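*Asks:* Just add 53 to wherever you are in the sequence shown, counting from 1, and you've got this note's numbering. By construction, the Cβ of each residue, glycine as well, lies at the ideal position given by its N, Cα and C atoms. Since the structure is predicted, the reported quantities are computational estimates derived from the model, not experimental observations.
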Amino acid sequence: MVFPFDILTNVDEKSLELAAKEYMSQLHYRNTEYLSLSDSEQIEIGLCNVSFVPLYGTNTAKKLLALFSPDDSNIVVGIYFAGSVVGVENVLKTAEPSRTGLIKVSTLGERIVLYVLNRIVLRNEKSTEDVFFLCHSEHEAAKILWKDGKAIGFYSLKPKGSLCRIFMTKCYQLPVMDTIFVRRGHRGLGHGIKTFLVLCIKFLRSASNSFFTVCEKYFSIYPADKELLCEVENIGSAFQRTLIADRLQKLKLKGMENVCIFSFRYMEIIIIIIIIIIIIINKQTHCLLKLLSFYSVLLPDTMITLNYINLVALLILTVHTLHLKKKLLWLLLVN
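Below, the structure is given as structure tokens:
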């Protein structure tokens, strides 16, 4: 079976865009067409849900025709390829058995696959830990990770001496890995570590927490590289580099600190509640009010904790009061 990616070897952006415009102009006169996303879901292709999107971000000179979901106008579900609209997942497939591992992006088909992975798949599979990337430029140095006939990830890098996108008058002082992504279903299988081994660089842009996990696994296998792998900012000058190993150590210490704070706060609440119970049992209500007042002054930053304690104290005080009333009523009835 031949996939759309396999027939784009000799097509350029201009020809693809002209064909897409012709296809779009005929939609009104054609019989209704549908894109099948699954056995049970079909999306009608019409002028109301197709639009051109820039292939290279801010560069609007070269565009793709995209089909959007009728339920969410921000979600792309299909891309126009050689005469028809193709589902996103089919854009990422190939019938070439030799296409496996990390392969350099050079053809239009590979540029489109890179776009789909970055701008569509990454956003569909997003989590709170994922970092979103800008569109890759037309001449971005990048590689796509292929496995079992599917594109499952990518990385891009900024060569030493290339212009920085943020500071257009300055160049990168060292080669920098700019973006990296592996699809959620293929994570934890060592693809990130293999990428490190293939690369000749040891520097990264600001990374997500999930990527730090990959770095930690990498260091466990290659501890000698702890002094080589850095997180960099801007153009990567000497003062803009931080060892990833140091960042991992700080994250671990922060996690331990949070656990200790939580444990201390938990014990603190228990002790205060015990004191409150003792005070109420001994009918020293005025002491309870003084305790709560002292607690709020001593620890003004723990108002949430104090609110919980106040609530518990009020509950205990109410129960105690009701108990006294029942006892008094019982004495009256007995007498």
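Sort D59, K247, K303, V139 by Cα distance to P150 and report the nearest one.
*Replies:* D59
*Asks:* Measuring straight from C-alpha to C-alpha, what distance separates N143 and H239?
*Replies:* 17 Å
*Asks:* Please list, in chain order, all residues of the same chain as I357 whose beta carbon is under 7 Å from its beta carbon, the five residues on each side excluded.
*Replies:* Because I357 carries a pLDDT of 47, less than 50, the predicted location of this residue cannot be relied on, and no value is offered for it.
*Asks:* In chain order, what residues of the same chain have a beta carbon less than 6 Å from the beta carbon of G245, not counting five sequence neighbours either side?
*Replies:* V267
*Asks:* Please state if the CB of E284 and the CB of R300 are separated by a distance shorter than 7 Å.
*Replies:* yes
*Asks:* Less than 6 Å between the CB of F105 and some heavy atom of the ligand ZN, yes or no?
*Replies:* Only the bare structure without any ligand can be found here, which leaves the ligand ZN out of the picture.
*Asks:* What residue range does the alpha helix (DSSP H) around M230 cover?
*Replies:* Here M230 belongs to no alpha helix (DSSP H); instead the beta strand (DSSP E) covers 229-235.
*Asks:* Taking the C-alpha atoms as reference points, what is the distance between W93 and P123?
*Replies:* Sequence inspection shows Ser at residue 93; the Trp mentioned does not correspond to that position. Rounded to the nearest whole angstrom, the CA to CA distance from S93 to P123 is 16 Å.
*Asks:* Just curious, the alpha helix (DSSP H) that A72 is in, first and last residue?
*Replies:* Per DSSP, the unbroken alpha helix (DSSP H) holding A72 starts and ends at 66-79.
*Asks:* Quick one: what's got a C-beta closer than 6 Å to V191's C-beta in the same chain, skipping five residues either side?
*Replies:* The sequence shown places Glu at residue 191, rather than the Val named in the question. So the list reads Y109, once near-sequence residues are dropped.
*Asks:* So does the stretch 229-238 actually touch the stretch 86-105, counting three or more Cβ pairs closer than 8 Å?
*Replies:* no
*Asks:* Whole angstroms are fine: how far does the CA of L118 sit from the CA of T295?
*Replies:* 42 Å
*Asks:* Starting from I60, trace the beta strand (DSSP E) in both directions and tell me its first and last residue.
*Replies:* Segment: none, I60 is in no beta strand (DSSP E) and carries neither H nor E.
*Asks:* So N143 is in the alpha helix (DSSP H); what residue range does that whole segment cover?
*Replies:* 141-144
*Asks:* Rounded to the nearest angstrom, what separates N102 and K305 at their Cα positions?
*Replies:* 47 Å
*Asks:* Could you say if the stretch 152-164 and the stretch 60-79 meet the contact criterion of at least three C-beta pairs nearer than 8 Å?
*Replies:* With contact defined as three or more Cβ pairs closer than 8 Å, the stretch 152-164 and the stretch 60-79 are in contact.
*Asks:* Exposed or buried, which one is K189 when buried takes at least 16 other CB atoms within 10 Å?
*Replies:* It is worth fixing the name first, because residue 189 is His in this sequence and not Lys. Looking at its Cβ environment, which holds 16 or more other Cβ atoms inside 10 Å, H189 is buried.
*Asks:* Pick helix, strand or coil for T113, following the three-state DSSP scheme.
*Replies:* strand
*Asks:* I'd like the list of long-range same chain contacts for V55, defined as Cβ closer than 6 Å, with 5 residues on each side in sequence excluded.
*Replies:* A148
*Asks:* Taking only three categories from DSSP, how would you classify A119?
*Replies:* strand
*Asks:* For L410, which residues from the same chain have a beta carbon less than 8 Å from its beta carbon, with the 5 sequence-adjacent residues on both sides left out?
*Replies:* Any answer about residue 410 is impossible in this case: the structure gives the chain only from 54 up to 388.
*Asks:* Just the Cα atoms here: how many angstroms apart are C397 and D278?
*Replies:* This structure cannot speak to residue 397, because the chain is shown only from 54 to 388.
*Asks:* Going by beta carbon distance, what residues of the same chain come within less than 8 Å of S212, once the five residues before and after it are set aside?
*Replies:* Ser is not the amino acid found at residue 212; the sequence shown has Pro there. Only A194, Y225, P228 meet the Cβ criterion.
*Asks:* Which two residues bound the contiguous beta strand (DSSP E) that contains L155?
*Replies:* 154-157
*Asks:* Just verifying my parser: in three-state terms, what is the DSSP assignment at P107?
*Replies:* strand
*Asks:* Find the nearest neighbour of I297 within the set I274, E269, S273, I323, judged by alpha-carbon distance.
*Replies:* E269
*Asks:* Is DSSP giving K303 helix, strand or coil here?
*Replies:* Residue state, collapsed to three classes: helix.
*Asks:* Can the beta-carbon of I173 be found less than 7 Å from the beta-carbon of V141?
*Replies:* yes
*Asks:* For a quick check, are the C-beta atoms of K157 and K196 less than 7 Å apart?
*Replies:* yes
*Asks:* For A204, which residues does DSSP report across the bridge?
*Replies:* W199
*Asks:* For L187, collect the residues of the same chain with a Cβ closer than 7 Å to its Cβ; drop the 5 residues on either side in sequence, then sort them by chain order.
*Replies:* Taken in chain order, the residues that qualify are G110.
*Asks:* Please classify K211: does DSSP put it in a helix, a strand, or coil?
*Replies:* strand
*Asks:* Can you find a C-beta in chain C that's less than 7 Å from the C-beta of L69?
*Replies:* Reference to chain C is not applicable here, since this structure consists of a single protein chain.
*Asks:* Using beta-carbon positions only, say whether L145 and V130 come within less than 7 Å of one another.
*Replies:* no
*Asks:* According to DSSP, is I128 helix, strand or coil?
*Replies:* coil
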